[in-house]
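Notes follow the structure.
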Amino acid sequence: MTTCVFCSIVAGESASHLVLDDDTVVAFLDRRPLFPGHVLVVPRTHVETLTDLPEDEVGPFFARVRRVAGAVERGMEAAGSFVALNNRVSQSVPHLHVHVVPRNRKDGLRGFFWPRGHYADEEQARDVAARLRAELADRS
């Protein structure tokens, strides 16, 4: 057995309820779902975070996430879906995974799962945006 629980599922060494299994991803039901139909989509290759996923794999990976989101909405007769991932913080398994959760109005989930805030003022918002633009420019 491998030490990563998701790699173990990808390898077929651990039981799971598979939803999609192809050359790019394995998607399976979350063992502790927010709602029935909550799916995790993981890349076949072990990477810990989105920023670790090779650039040429991002498009194919998210094409599968998109496909799974549509299947979850249709299959669970949901009004929509919540699609999310964590990088390091709150990432219970250190293997990139995207949550696809069926959503309906008044289902009990309230937007994001943390309190939302505001920027102190326009200057702070401008400064934060400038810092992020600088990081993007440095990486292009």
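Heads up, the sequence shown is in full-length UniProt numbering, so the first residue is 1 and it goes up one at a time. Quick reminder that beta carbons are idealized off the backbone N, C-alpha and C, glycines included. Given the structure is predicted, the values throughout are model-derived calculations rather than measurements.
How far does the alpha helix (DSSP H) with residue 60 in it reach, from first residue to last?
55-75
Between the region 118-134 and the region 83-94, do three or more beta carbon pairs fall short of 8 Å?
no
Does the Cβ of residue 63 have 16 or more other Cβ atoms within 10 Å, making it buried, or fewer, making it exposed?
exposed
Would you check if the distance between the CB atom of residue 24 and the CB atom of residue 54 is smaller than 8 Å?
no
Tell me, please, which residues DSSP counts as bridged to residue 92.
DSSP output for residue 92 lists no bridge partner at all.
How many angstroms separate the CA atom of residue 79 from the CA atom of residue 117?
27 Å
Just to check my reading of the structure: residue 89 and residue 5 have Cβ atoms closer than 8 Å, yes? What is that Cβ distance to the nearest angstrom?
Not really, about 19 Å apart at Cβ, beyond 8 Å.
Is residue 103 helix, strand or coil when you go by DSSP?
strand
For residue 81, report the span of its alpha helix (DSSP H) as first-last.
Residue 81 -> not in any alpha helix (DSSP H); beta strand (DSSP E) instead, spanning 80-84.
Would you kindly work out how many angstroms separate the C-alpha atoms of residue 35 and residue 77, rounded to a whole number?
12 Å
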